[in-house]
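Student: Its first residue numbered 59, the sequence shown is counted upward by one per residue in this note's numbering.
Can you keep this structure in mind? I'll have questions shortly.
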Amino acid sequence: MQKFLTSSIGKKTVMALSGLFLIMFLLEHLYTNVTLFFGDGGIEFNETSHSMVRMIIIRVIEIVLFLAVFVHVAQAILLTKENSNARSVKYAVNGAKDTSSWNSRNMGFTGSVIFFFIVVHLYNFFVPYRITGTIGGAGQETVAQDVVAAMENPIYAGIYLISVILLAFHLSHALSSAFHTLGMSNKKYMPIWDKVAMGFAVFMGIGFGSFPILFFIAKLMHKDLLNWGM
Ligand code: HEM
């Protein structure tokens with residue numbers, strides 16, 4: 059087991075499994091965020107957030123999530139180091155640039171921006187809601203109001219949008235690479251998985267990108283998107 063985990067394929071498998079786990083979380087997160095568009099003043103969003111915090115299984119998943127981010131980043135650093143050592147003698151002709159996509163060559167860069175964003179995101183929402191208790195309590199700003207205020211802030215909305223675009227780039231290579239790592243692809247099916255991964259990445263990019271874009275535009279037009287149905 060130890061031999062497998064320290065081998066290149068072992069590290070790639072850990073990357074793929076931790077990455078796929080993070081993708082499952084992103085899907086759940088996207089669904090929760092979509093409730094911000096229900097026009098109910100954020101009631102559904104707040105209730106989902108509160109009920110999740112109360113569920114012991116979610117608290118356990120949360121710990122697994124932190125571990126998954128840690129393991130994914132640690133393996134990314136190890137694999138990137140290994141790859142650059144293996145490539146220390148550069149090819150004279152037909153360098154990697156000619157044969158690989160921008161996404162695949164910049165997984166470390168897109169991943170680093172995502173990591174920076176995760177830290178900012180936790181600082182903005184997880185810390186005040188779960189640790190300092192400065193939002194989401196009785197008589198305080200609700201979690202939904204806090205999220206919308208952040209989306210209406212041009213600096214936060216800009217950082218969010220750039221991170222989402224780079225997340226989409228990361229995912230478009232990550233998903234097809236994970237299929238490959240886990241042995242679910244061959245020459246015949248690889249182009250199909252590539253298209254599935256691209257479609258998924260675009261879906262996630264549009265999905266998560268819609269929050270800063272729509273809330274920011276709504277603010278410019280003096281519309282209350284959170285309460286449109288009330
Ligand atoms: C929501 C966050 C993230 C998701 C969903 C995600 C997902 C994935 C997946 C599924 C893979 C493919 C693994 C494989 O090749 O089989 C991958 C690869 C990779 N990820 Fe992430 N990732 C995320 C965040 C990050 C972060 C924060 C970093 C850190 C710096 C990072 C760096 C990398 C790198 C360098 C690779 C390529 C490894 C290689 O094939 O050599 N990722 N990611």
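By construction, the Cβ of each residue, glycine as well, lies at the ideal position given by its N, Cα and C atoms.
Quick one, are the C-beta atoms of LEU272 and ALA255 less than 8 Å apart?
Tutor: Residue 272 sits at position 214 when you count from the first residue of the sequence shown. Residue 255 sits at position 197 when you count from the first residue of the sequence shown. Contact flag unset, no.
Student: Which value, in whole angstroms, describes the spacing of the CA atoms of GLY166 and ALA236?
Tutor: The residue labelled residue 166 in the question sits at position 108 within the sequence shown. The residue labelled residue 236 in the question sits at position 178 within the sequence shown. One C-alpha to the other measures close to 15 Å.
Student: Does the separation of the CB atoms of ILE217 and PHE274 fall below 8 Å?
Tutor: Residue 217 sits at position 159 when you count from the first residue of the sequence shown. Residue 274 sits at position 216 when you count from the first residue of the sequence shown. In this structure, PHE274 does not lie closer than 8 Å to ILE217 by Cβ.
Student: When the distance is taken between beta carbons, is LEU85 closer than 8 Å to PHE269?
Tutor: Within the sequence shown, the letter at position 211 stands for residue 269. Within the sequence shown, the letter at position 27 stands for residue 85. Their beta carbons are not under 8 Å apart, which means PHE269 does not touch LEU85 by this criterion.
Student: Using a Cβ-based criterion (distance less than 7 Å to any ligand heavy atom), does ASN244 qualify as near the ligand HEM?
Tutor: Translated into positions along the sequence shown, residue 244 becomes position 186. No.
Student: Under 8 Å: do the stretch 64-80 and the stretch 115-126 share three or more Cβ pairs, one atom per stretch?
Tutor: Touching, per the Cβ criterion.
Student: Nearest-angstrom Cα distance between ILE101 and GLY257?
Tutor: The residue given as residue 101 occupies position 43 in the sequence shown. The residue given as residue 257 occupies position 199 in the sequence shown. Going from the Cα of ILE101 to the Cα of GLY257 covers about 31 Å.
Student: Look up ASN164 in the DSSP assignment and say whether it is helix, strand or coil.
Tutor: Looking up residue 164 in the sequence shown gives position 106. The answer is coil: DSSP assigns ASN164 none of H, G, I, E or B.
Student: Could you check if ILE115 is buried or exposed, using at least 16 other CB atoms within 10 Å of its CB as the buried criterion?
Tutor: As a working note, residue 115 is residue 57 in the sequence shown. Counting Cβ neighbours within 10 Å, ILE115 comes out exposed, since fewer than 16 surround it.
Student: Taking 7 Å as the cut-off, is the CB of ILE81 close to at least one heavy atom of the ligand HEM?
Tutor: Against the sequence shown, residue 81 aligns to sequence position 23. ILE81: yes, Cβ under 7 Å from the ligand HEM.
Student: Please indicate yes or no: does the CB of ILE172 lie closer than 7 Å to some heavy atom of the ligand HEM?
Tutor: In the sequence shown, the residue the question calls residue 172 occupies position 114. Yes, the ligand HEM has a heavy atom inside 7 Å of this Cβ.
Student: If you draw a straight line from the C-alpha of GLY287 to the C-alpha of THR192, how long is it?
Tutor: Within the sequence shown, the letter at position 229 stands for residue 287. Within the sequence shown, the letter at position 134 stands for residue 192. Roughly 28 Å between the two C-alpha positions.
Student: Please state whether DSSP places ALA144 in a helix, a strand or coil.
Tutor: Here residue 144 is taken as the residue at index 86 of the sequence shown, counted from 1. Here ALA144 sits in helix by DSSP.
Student: Taking DSSP as the reference, what is the three-state secondary structure of ASP252?
Tutor: Walking along the sequence shown from the start, residue 252 turns up at place 194. Looking at ASP252 - three-state DSSP - the assignment turns out to be helix.
Student: Less than 8 Å separating the beta-carbons of PHE62 and ALA202?
Tutor: Here residue 62 corresponds to residue number 4 of the sequence shown, with the count starting at 1. Here residue 202 corresponds to residue number 144 of the sequence shown, with the count starting at 1. The answer is no: Cβ separation not under 8 Å.
Student: With respect to the alpha helix (DSSP H) encompassing GLY216, which residues constitute its N-terminal and C-terminal limits?
Tutor: For this step, residue 216 is matched to residue 158 along the sequence shown. Taken as a continuous stretch (DSSP letters only), the alpha helix (DSSP H) holding GLY216 covers 212-239.
Student: Under a Cβ-count criterion, where at least 16 other Cβ atoms within 10 Å of its own Cβ denotes burial, should VAL118 be classed as buried or exposed?
Tutor: Counted from its first residue, the sequence shown places residue 118 at position 60. Classification for VAL118: exposed.
Student: Which residue wins for smallest C-alpha separation from ALA196, given the options THR90, SER65, HIS108?
Tutor: Taking the first residue of the sequence shown as 1, we reach residue 196 at position 138. Per the Cα distances, HIS108.
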